[in-house]
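Participant: Dropping a structure here in structure tokens format, bear with me for questions.
In the numbering used here, the protein residues as written are 241 to 532.
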């Protein structure tokens, strides 16, 4: 009974979905459980945590990196929301160790959280209004634009694509997310040349370059470049869910055929992730340019 009560208290504290309550021990270690139960009553100073719970500074630092706690501006710590923990856990820890039915429920929960965060941005796009340049929203990028962004940022950190890691709907490369800040010190810092190679490799693999990129008043570029697929990645799944494929992610371009260059090989038909093209074979079996 005590363990059940503790699970319920932690689930409510961090805002986890009900389906993970029996699995919370997979997300939180015993000392982290005691830390969260202590934080149930509000933020606590580091010294309080060290004294009352007997934690070492290294243990508290680890709890922060693993998405268990949040660090506040006043120097206190509080419980991190479940999304923070789940993102880290799914990419680096226990995703392969839970039943498929729980994976499906967690994927749906995470997708709903994502949509909720972006609903206002989508409505802004529907109205044709400009977005705040500091606000991070998904938008398509040409290959050349993606490479130019890398030249403008200070640092690049490689992360796995959490969408493909969790949804597992395709066999596209996973280590393709290039972030410009290193939240909780988790990503691998890489050079700009390597970052450009990853983008080009992803492009050849049929992934779409998109970015959640912002610009501060000082001109600093923030956010990330994602190399997305239409099978797993949340921006495209959200567009389908909300019937907003033509406006989400944001785009400034329209596809155009160069029929004079077409050899009828069908590569574009096979590559297009949205099946926007189809082969056009004449009655004599001769191939002609694909059609939209």
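In this text, a Cβ means the ideal position worked out from N, Cα and C, and glycines have one as well.
Just the Cα atoms here: how many angstroms apart are residue 330 and residue 406?
Facilitator: Here the question's residue 330 lines up with position 90 in the chain shown. Here the question's residue 406 lines up with position 166 in the chain shown. If you take the alpha carbons of residue 330 and residue 406, they lie about 7 Å apart.
Participant: Taking C-beta to C-beta, are residue 509 and residue 501 nearer than 9 Å?
Facilitator: Counting from 1 along the chain shown, the entry for residue 509 is found at position 269. Counting from 1 along the chain shown, the entry for residue 501 is found at position 261. The beta carbons of residue 509 and residue 501 sit no closer together than 9 Å.
Participant: Is the CB-CB distance between residue 397 and residue 429 below 9 Å?
Facilitator: As a first step, residue 397 must be located in the chain shown, where it is residue number 157. As a first step, residue 429 must be located in the chain shown, where it is residue number 189. Taking 9 Å as the Cβ cut-off, residue 397 and residue 429 qualify as a contacting pair.
Participant: Can you tell me which of the three DSSP states residue 270 falls into?
Facilitator: Numbered from 1 along the chain shown, position 30 holds the residue referred to as residue 270. DSSP places residue 270 in helix when its eight states are reduced to three.
Participant: Starting from the Cα of residue 388, find the closest Cα among 333, 256, 450, 303 and give me that residue.
Facilitator: Position 148 of the chain shown, counted from the first residue, corresponds to residue 388. Nearest option by C-alpha distance: 450.
Participant: Cβ atoms of residue 424 and residue 307: under 9 Å apart, would you say?
Facilitator: Position 67 of the chain shown holds residue 307. Position 184 of the chain shown holds residue 424. Yes, the Cβ-Cβ distance between residue 307 and residue 424 is below 9 Å.
Participant: Please state the DSSP three-state secondary structure of residue 467.
Facilitator: Stepping through the chain shown from its first residue, residue 467 is reached at position 227. Correct three-state label for residue 467: strand.
Participant: Mind checking whether residue 361 and residue 371 have CB atoms under 9 Å apart?
Facilitator: Taking the chain shown and counting its residues from 1, one reaches residue 361 at position 121. Taking the chain shown and counting its residues from 1, one reaches residue 371 at position 131. Yes, Cβ-Cβ distance for residue 361 and residue 371 is below 9 Å.
Participant: Is DSSP giving residue 354 helix, strand or coil here?
Facilitator: One-based indexing of the chain shown puts residue 354 at position 114. In this structure, DSSP gives residue 354 a helical state, which the three-state scheme calls helix.
Participant: When you compare only the Cα positions, how much space is there between residue 523 and residue 504?
Facilitator: In the chain shown, counting from the first residue as 1, residue 523 sits at position 283. In the chain shown, counting from the first residue as 1, residue 504 sits at position 264. In this prediction, residue 523 has a pLDDT of 48, which is less than 50 and means its spatial position is unreliable; nothing more can be read from the coordinates.
Participant: Under a Cβ-count criterion, where at least 16 other Cβ atoms within 10 Å of its own Cβ denotes burial, should residue 328 be classed as buried or exposed?
Facilitator: Here the question's residue 328 lines up with position 88 in the chain shown. Flag for residue 328 reads buried.
Participant: Excluding sequence positions up to five away, which residues of its chain have a Cβ less than 6 Å from the Cβ of residue 340?
Facilitator: Residue mapping note: residue 340 aligns to position 100 of the chain shown, counting from 1. Excluding positions up to five away in sequence, the list is empty.
Participant: Under three-state DSSP, which class holds residue 426?
Facilitator: Within the chain shown, the letter at position 186 stands for residue 426. In the three-state reduction of the DSSP assignment, residue 426 falls in the coil class, being assigned neither a helical nor a strand state.
Participant: Of all the options 315, 283, 265, 384, which has the alpha carbon lying nearest to the alpha carbon of residue 325?
Facilitator: As a first step, residue 325 is located in the chain shown; it is residue number 85 there, counting from the start. The candidate whose alpha carbon is nearest that of residue 325 is 265.
Participant: Is the Cβ-Cβ distance between residue 247 and residue 257 less than 9 Å?
Facilitator: Locating residue 247 in the chain shown gives position 7, counting from the first residue. Locating residue 257 in the chain shown gives position 17, counting from the first residue. No, Cβ-Cβ distance for residue 247 and residue 257 is not below 9 Å.
Participant: Please name the residue, chosen from 506, 421, 404, 368, that lies closest to residue 394 on a Cα-to-Cα basis.
Facilitator: For this step, residue 394 is matched to residue 154 along the chain shown. The candidate whose alpha carbon is nearest that of residue 394 is 421.
Participant: Would a C-beta distance cut-off of 9 Å place residue 465 and residue 432 closer than the cut-off?
Facilitator: As a working note, residue 465 is residue 225 in the chain shown. As a working note, residue 432 is residue 192 in the chain shown. Cβ atoms of residue 465 and residue 432: not closer than 9 Å.
Participant: Who are the near neighbours of residue 319 in its chain, counting only those whose CB is closer than 8 Å to its CB and skipping five residues on each side?
Facilitator: The count along the chain shown starts at 1 and reaches residue 319 at position 79. Around residue 319: 253, 254, 276, 279, 280, 308, 309, 310.
Participant: When the Cα of residue 273 is compared with those of 249, 288, 385, 468, which residue comes out closest?
Facilitator: Sequence index remark: in the chain shown, residue 273 carries index 33 (1-based). The candidate whose alpha carbon is nearest that of residue 273 is 249.
Participant: Does the beta-carbon of residue 474 have 16 or more other beta-carbons within 10 angstroms, so that it is buried, or is it exposed?
Facilitator: As a working note, residue 474 is residue 234 in the chain shown. It is buried - the Cβ of residue 474 has at least 16 other Cβ atoms within 10 Å.
Participant: Give me the residue from 419, 447, 385, 486 with the minimum Cα distance to residue 463.
Facilitator: By one-based count along the chain shown, residue 463 stands at place 223. When each option's Cα is compared against that of residue 463, the closest is 419.
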